[in-house]
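Novice: What follows is a single structure, and I will ask about it in a moment.
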Amino acid sequence: MRDFRDYISDYRELIEDRLANGEAEAAILADLGTPKQVVANIMTEEGLERRRWLTGPQLALVIVLVILGLPVWGGFALALLGILFALICVLLSLYVTLWAVPFSLAIMTVATLFAGVMGIPAGLVALGKSGLAYGLAELGAALICLGVFLLSLVLTWGLVKLLLRGTAWGWQMVLRWFGKQQAVAVNQTMPPFFNKGYWLVTALLIALGMLLVVSACGLNGWHIPAVSAAEMHHWYNAFNFTAPR
């Protein structure tokens with residue numbers, strides 16, 4: 043469709059040309075018609091039609107048809123809404139299930155950190171109270187827990203980043219569906235301490251812990267060192283706990 047300024051320019055040139063030919067301005071304007079007629083001519087030239095609203099009888103007929111067809115299209119609309127609601131519930135359930143993975147890893151991260159931090163002093167106490175084999179096994183298990191903590195920390199961080207990227211992408215798709223464009227940015231960089239040194243420390247902790255556990259098993263006749271009930275009292279007394287009866 044042409045711009046309205048083009049039509050104004052065309053009509054201005056037409057009027058100026060006819061004035062130059064000696065025609066009277068009143069006769070020219072009467073020949074062109076009223077402004078409404080000019081607009082109607084332009085719309086006809088562009089192939090446009092004026093929007094027509096339904097008349098009273100036509101509107102009444104449409105209302106009657108809608109009411110009569112309510113059992114048909116109403117049931118179809120309810121079924122469609124039910125399917126849409128079920129689909130939304132499935133997607134939300136899947137989304138929550140995906141977030142359960144990093145949540146479980148986060149719990150494991152905290153648990154292994156606690157076990158590793160508490161296991162080192164417990165192993166040192168066990169060296170003097172329960173024997174070399176049990177102390178080495180306890181220290182080795184604590185070091186392995188610390189290594190697993192560092193490993194699970196990276197996995198948790200990476201999964202959270204991945205799910206945030208997926209959430210941002212899904213949100214952009216929803217906005218695009220409604221005709222809106224909005225960029226949702228997610229920081230893609232990893233923390234600076236997740237470097238080669240971090241991985242080296244993780245590997246050394248796990249390897250050293252496994253070496254201590256294997257050495258403890260060798261000292262104990264290749265059996266996993268086990269603590270007796272009497273030794274449990276030493277443990278509780280060492281940490282000022284009440285010994286179980």
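Under our numbering, think of the first position of the sequence shown as 43, with each following residue one higher.
Heads up, the beta-carbon is just placed ideally off N, CA and C, and yes, glycines get one too.
Quick check on L262: does DSSP put it in helix, strand or coil?
Specialist: Against the sequence shown, residue 262 aligns to sequence position 220. Leu is not the amino acid found at residue 262; the sequence shown has Asn there. DSSP places N262 in coil when its eight states are reduced to three.
Novice: Just to check my reading of the structure: P113 and L201 have Cβ atoms closer than 8 angstroms, yes? What is that Cβ distance to the nearest angstrom?
Specialist: Looking up residue 113 in the sequence shown gives position 71. Looking up residue 201 in the sequence shown gives position 159. That pair is no contact at about 50 angstroms.
Novice: Determine, using beta-carbon pairs with one atom in the stretch 170-184 and one in the stretch 246-263, whether at least three such pairs fall under 8 angstroms.
Specialist: Flag = yes, the stretch 170-184 and the stretch 246-263 touch.
Novice: Under 9 angstroms between C-beta atoms, does F220 make it to chain C?
Specialist: The structure shown contains no chain C, having only a single protein chain.
Novice: Counting Cβ pairs closer than 8 angstroms, one from the stretch 188-200 and one from the stretch 147-157, do we hit at least three?
Specialist: Result yes; three or more Cβ-Cβ pairs closer than 8 angstroms.
Novice: Taking the alpha helix (DSSP H) that F118 belongs to, which residues open and close that run?
Specialist: Counting from 1 along the sequence shown, the entry for residue 118 is found at position 76. Run containing F118: L112 to K171, per the alpha helix (DSSP H) assignment.
Novice: Thinking C-alpha only, which one of A66, Y53, D59 and L253 is nearest V81?
Specialist: Mapped onto the sequence shown, residue 81 falls at position 39. Comparing Cα positions, the closest option is Y53.
Novice: Please state the DSSP three-state secondary structure of T76.
Specialist: Position 34 of the sequence shown, counted from the first residue, corresponds to residue 76. Note: T76 maps to coil in three-state DSSP.
Novice: Given this structure, state the Cα-to-Cα distance separating N83 from L71, to the nearest angstrom.
Specialist: To locate residue 83, count along the sequence shown from 1; it is residue 41. To locate residue 71, count along the sequence shown from 1; it is residue 29. Roughly 15 angstroms between the two C-alpha positions.
Novice: Do you know offhand how far G101's Cα is from V108's?
Specialist: Against the sequence shown, residue 101 aligns to sequence position 59. Against the sequence shown, residue 108 aligns to sequence position 66. Note that residue 101 corresponds to Leu in the displayed sequence, not to Gly. Their backbone Cα atoms lie some 11 angstroms apart in a straight line.
Novice: Residues in the same chain with beta-carbon distance under 6 angstroms from N262, minus the five sequence neighbours each way, listed in chain order, please.
Specialist: Counting from 1 along the sequence shown, the entry for residue 262 is found at position 220. A175.
Novice: Tell me which residues share the same chain as L253 and place their Cβ nearer than 6 angstroms to its Cβ, disregarding the 5 neighbours each side in the sequence.
Specialist: Taking the first residue of the sequence shown as 1, we reach residue 253 at position 211. Once the five neighbours on either side are set aside, L253 has no close Cβ partner at all.
Novice: For a test of the three-state rule: what should DSSP assign to S51, helix, strand or coil?
Specialist: The sequence position of residue 51 within the sequence shown is 9, counting from 1. Three-state result, S51: helix.
Novice: Can you give me the C-alpha to C-alpha distance between G75 and P99, rounded to a whole angstrom?
Specialist: If you number the sequence shown from 1, residue 75 lands on position 33. If you number the sequence shown from 1, residue 99 lands on position 57. So the alpha carbons of these two residues sit roughly 34 angstroms apart.
Novice: Tell me where the alpha helix (DSSP H) around A175 begins and ends.
Specialist: Position 133 of the sequence shown, counting from 1, holds the residue named residue 175. Residues L174 to W219.
Novice: Between which residues of its own chain and C187 is the CB-CB distance below 7 angstroms, once the five residues before and five after are set aside?
Specialist: For the purposes of this step, residue 187 is taken as residue 145 along the sequence shown, with counting starting at 1. Result list for C187: T154, A157, G158 and G161, in chain order.
Novice: Tell me the rounded alpha-carbon separation between P293 and W115.
Specialist: Outside the shown range of the chain, which is 43 to 287, sits residue 293, and nothing can be said about it.
Novice: Going by other Cβ atoms of all chains shown within 10 Å of its Cβ, with 16 needed for buried, is S51 buried or exposed?
Specialist: Position 9 of the sequence shown, counted from the start, is the residue given in the question as residue 51. Exposed: under 16 other Cβ atoms inside 10 Å.
Novice: In whole angstroms, give me the CA-to-CA distance for T139 and G212.
Specialist: Reading the sequence shown from its first residue, position 97 is the one you call residue 139. Reading the sequence shown from its first residue, position 170 is the one you call residue 212. C-alpha separation (whole angstroms): 16 angstroms.
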